[in-house]
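Engineer: For the protein sequence lines, the chains are A and B, in the order given.
Each residue of the first sequence is one higher than the one before, starting from 4 at the first, in the working numbering.
Each residue of the second sequence is one higher than the one before, starting from 856 at the first, in the working numbering.
In this text, a Cβ means the ideal position worked out from N, Cα and C, and glycines have one as well.
This is the structure I want to talk about, given as structure tokens.
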Amino acid sequence: PLGPLPPGWEKRTDSNGRVYFVNHNTRITQWEDPRSQG
Amino acid sequence: MGNCLKSPTSDDISLLHESQSDRASFGEGTEPDQEPPPPYQEQVPVPVYHPTPSQTRLATQLTEEEQIRIAQRIGLIQHLPKGVYDPGRDGSEKKIRECVICMMDFVYGDPIRFLPCMHIYHLDCIDDWLMRSFTCPSCMEPVDAALLSSYETN
């Protein structure tokens, strides 16, 4: 299991049901799960 | 003259590998080479629904009965055939060039949805419309009752 998201990150789903990730500190969004980026 | 012709450095190559390894470690449900993810928004926008064409309610304000009706409506909409606009094909796309809901021309590759009356619209445009009024915007024909009954018996 990947464990909790790093601080400041939030997992969201877009209107097509695809999962993406939001970083409230840097205000960026990305498809990649930050937990799998090491 | 700038260094636009510089040979790839080890950094460039490692970056290449890095982006490939990123793709291998994606979260569920994401496609690597899709368009960029949605822009940053402080709060997740709460969906707004229309129990009747004249009413607008936050998803959190709907009664249980309204939630059920809207869920059924969404189910019905998903049953309607969808495709991609291709003027080259012989289908109804040949005649219809503009989405009358947004008044924009169809562009090759646009996601579209066909109604039983064979009028076509942008997928997002008609899905929004059908959530308010389950009729064809062009000919006002109610979406085929057969579609309704076949959905309810499943």
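Using the DSSP secondary-structure output, state which residues sit across from residue 960 of chain B in a beta bridge.
Structural biologist: Looking up residue 960 of chain B in the second sequence gives position 105. In the DSSP output, where bridge partners are listed per residue, residue 960 of chain B has B:953.
Engineer: Ends of the beta strand (DSSP E) at residue 898 of chain B?
Structural biologist: Along the second sequence, read from residue 1 onward, the residue named residue 898 of chain B stands at position 43. That residue, residue 898 of chain B, is in no beta strand (DSSP E); it is neither H nor E in DSSP.
Engineer: Using beta carbons (cut-off 8 Å, strictly below), is residue 899 of chain B in contact with chain A?
Structural biologist: As a first step, residue 899 of chain B must be located in the second sequence, where it is residue number 44. For residue 899 of chain B, the answer is yes, since a Cβ of chain A falls inside 8 Å of its Cβ.
Engineer: Against residue 895 of chain B, what residues of chain A qualify as contacts under a CB-to-CB distance less than 7 Å, listed in chain order?
Structural biologist: For the purposes of this step, residue 895 of chain B is identified with residue 40 of the second sequence, where counting begins at 1. Simply 25, 30, 31, 32.
Engineer: Determine, for residue 971 of chain B, whether the minimum Cβ-Cβ distance to residues of chain A falls below 8 Å.
Structural biologist: The count along the second sequence starts at 1 and reaches residue 971 of chain B at position 116. Residue 971 of chain B does not count as touching chain A.
Engineer: Cβ closer than 8 Å: which chain A residues qualify as neighbours of residue 936 of chain B?
Structural biologist: Locating residue 936 of chain B in the second sequence gives position 81, where the first residue counts as 1. The contacting residues do not exist; residue 936 of chain B stays about 18 Å from chain A at best.
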